[in-house]
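Note that the numbering used here numbers the sequence shown so that position 46 is 46, with each residue one more than the last.
For reference, the structure discussed in these notes is given below.
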Amino acid sequence: MIAGLPGEPFGSYSLKLRAAFPGLSLLVAEEGNGYLSYIPGAEEYPRGGYGSAAAILAPEAEELLLRECGVLIDELAGGGCFFPNR
Numbered sequence: 001m002i003a004g005l006p007g008e009p010f011g012s013y014s015l016k017l018r019a020a021f022p023g024l025s026l027l028v029a030e031e032g033n034g035y036l037s038y039i040p041g042a043e044e045y046p047r048g049g050y051g052s053a054a055a056i057l058a059p060e061a062e063e064l065l066l067r068e069c070g071v072l073i074d075e076l077a078g079g080g081c082f083f084p085n086r
């Protein structure tokens, strides 16, 4: 399955989604539907750096993107989602 995320999410997004669906062959593609911004994980913002400083989204965006992407993956994969809070 291919999950397209907007912008340039940091590698933590791919790792967290794959960990949530261990039995699923999952490819996380960035810049899906165009470029939005760098999208650091919430833990990256306090560390600073170019990607975090250039990001236009708040740290809370990580939880929202992962949850909603997880819901869609779960629906396509047929249930058993690790993201129960829809």
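Glycine included, every Cβ here is placed at the ideal spot set by N, Cα and C.
- Here leucine 66 carries a helix assignment [DSSP, helix/strand/coil].
- For alanine 42, there is no enclosing alpha helix (DSSP H), as DSSP marks it with neither H nor E.
- As computed with DSSP, glutamate 8 is found in a beta bridge with Tyr38.
- A contact is defined here as three or more CB-CB pairs under 8 angstroms, and the stretch 25–45 meets this definition with respect to the stretch 54–62.
- Leucine 5 has its alpha-carbon roughly 8 angstroms from the corresponding atom of asparagine 33.
- Contact check for alanine 3 against leucine 36 fails: the beta carbons are separated by 8 angstroms or more.
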